[in-house]
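**Student:** Below you'll find the structure I mean.
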Amino acid sequence: MYLTTEQRKVYSSDTILALCKQDPEFHKYAKSIYFKKNQKIFDLTDSNGKVFFLITGMLMLTVRFDDCAEKELILNFLNENAMFSKYMLGQIYPSSCEVKALSDGVCWELDRYFFERILAEYDVKDQFIIHELINLSKDTISHLEKSTTSKEERVRMCIKQIGIQLGKENEAGEIVLPSAITQPIVASFSTATREFVALIIKKLSCEGILEVRPKPWVIKDIDRL
1 MYLTTEQRKV YSSDTILALC KQDPEFHKYA KSIYFKKNQK IFDLTDSNGK
51 VFFLITGMLM LTVRFDDCAE KELILNFLNE NAMFSKYMLG QIYPSSCEVK
101 ALSDGVCWEL DRYFFERILA EYDVKDQFII HELINLSKDT ISHLEKSTTS
151 KEERVRMCIK QIGIQLGKEN EAGEIVLPSA ITQPIVASFS TATREFVALI
201 IKKLSCEGIL EVRPKPWVIK DIDRL
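FYI, the numbering for the sequence shown is 1 to 225, going by UniProt numbering.
Written out as structure tokens, the structure is:
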């Protein structure tokens, strides 16, 4: 099932959060939580009873295939207004899925059953779930598509995606990346080794595409990535 542009707007996270806030019991079932950089928003010990809406800050959605940190894969990044829950992620990804903070920030934490009641009252539950699952599936498809490319192209694609999702345009039209973006982050996102990422970043710097010193990184010409 595909959703139209208008449907995607109706079922977007910020629209659904606005519906939740209209309920007189919102503050009974919701609270704001503050997180620090590198903090896990939830992990394997958490229950499935919470739904989160990112207010400020940046998060990354990761999957670890065993206890080795080197095998942790970044599936995607979450920016403000994103909604996520362990229950929803569990429909697509394995139980090793985690959400970690790339920066300090704030989330709304809602009781899942309150959240589902709001969706049911506005008769948007099924459609909203479809909307969210489609978005999560797109992350998986994106990684599958990257796996068909060369390692260098994959690294370039990932840096470009980070720029589009998390970067800010400066007066010169360049894309300034968050200071939290590092070579290990790019390696985990692109499934390349850190050593290979370092070589490609050096190459991009020499070509005038990427500036890495001083921090933050700046994409000088995103069309050449």
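Just so it is clear, CB atoms sit at the ideal spot from N, CA and C, and this is done for glycine as well. Being a predicted model, the structure only gives us computed values, none of them experimental.
If V106 sits next to Y29, beta carbons under 8 Å apart, how far is it from one beta carbon to the other, in whole angstroms?
**Tutor:** Going by Cβ atoms, the distance from V106 to Y29 rounds to 17 Å, so no, they are not a contact pair.
**Student:** Excluding five sequence neighbours on each side, which residues of the same chain lie with their C-beta closer than 6 Å to the C-beta of D14?
**Tutor:** Here the set comprises N81.
**Student:** Unbroken alpha helix (DSSP H) runs of length 4 or more, entirely within the stretch 80-166: which are they?
**Tutor:** Complete alpha helix (DSSP H) runs here, min 4: 86-89, 112-121, 125-146, 151-166.
**Student:** Can you tell me whether DSSP reads I200 as helix, strand or coil?
**Tutor:** Three-state DSSP puts I200 in a helix.
**Student:** With respect to the alpha helix (DSSP H) encompassing K21, which residues constitute its N-terminal and C-terminal limits?
**Tutor:** Per DSSP, K21 belongs to the alpha helix (DSSP H) from 13-22.
**Student:** DSSP on K37, reduced to helix/strand/coil?
**Tutor:** Correct three-state label for K37: coil.
**Student:** What number of angstroms, rounded off, separates the C-alpha of T62 from the C-alpha of C206?
**Tutor:** Near 31 Å, if we compare the C-alpha coordinates of C206 and T62.
**Student:** Using 8 Å for Cβ pairs, my map puts V99 next to F84. What's the rounded Cβ distance?
**Tutor:** Correct: roughly 6 Å between the Cβ atoms.
**Student:** Tell me the rounded alpha-carbon separation between L144 and L75.
**Tutor:** Answer to the nearest angstrom: the Cα atoms are 11 Å apart.
**Student:** Give the DSSP bridge partners of residue 302, in chain order.
**Tutor:** Residue 302 is absent from the structure shown; the chain starts at 1 and stops at 225.
**Student:** Quick one, which of I16, D23, N48, E25 has its alpha-carbon nearest L54's?
**Tutor:** Per the Cα distances, I16.
**Student:** Indicate the three-state DSSP secondary structure (helix, strand or coil) for L44 in the structure shown.
**Tutor:** Residue confidence for L44 is low, a pLDDT of 48 falling below 50, so the modelled location carries little weight; the figure read from the coordinates is stated next. The answer is coil: DSSP assigns L44 none of H, G, I, E or B.
**Student:** Alpha helix (DSSP H) containing A180: first to last residue?
**Tutor:** Here A180 belongs to no alpha helix (DSSP H), and DSSP marks it neither H nor E.
**Student:** According to DSSP, which residues form a beta bridge with E169?
**Tutor:** For E169, which the question treats as bridged, DSSP gives the partners I175.
**Student:** How long is the line joining the alpha carbons of K203 and V186, rounded to whole angstroms?
**Tutor:** When rounded, the distance between both Cα atoms is 15 Å.
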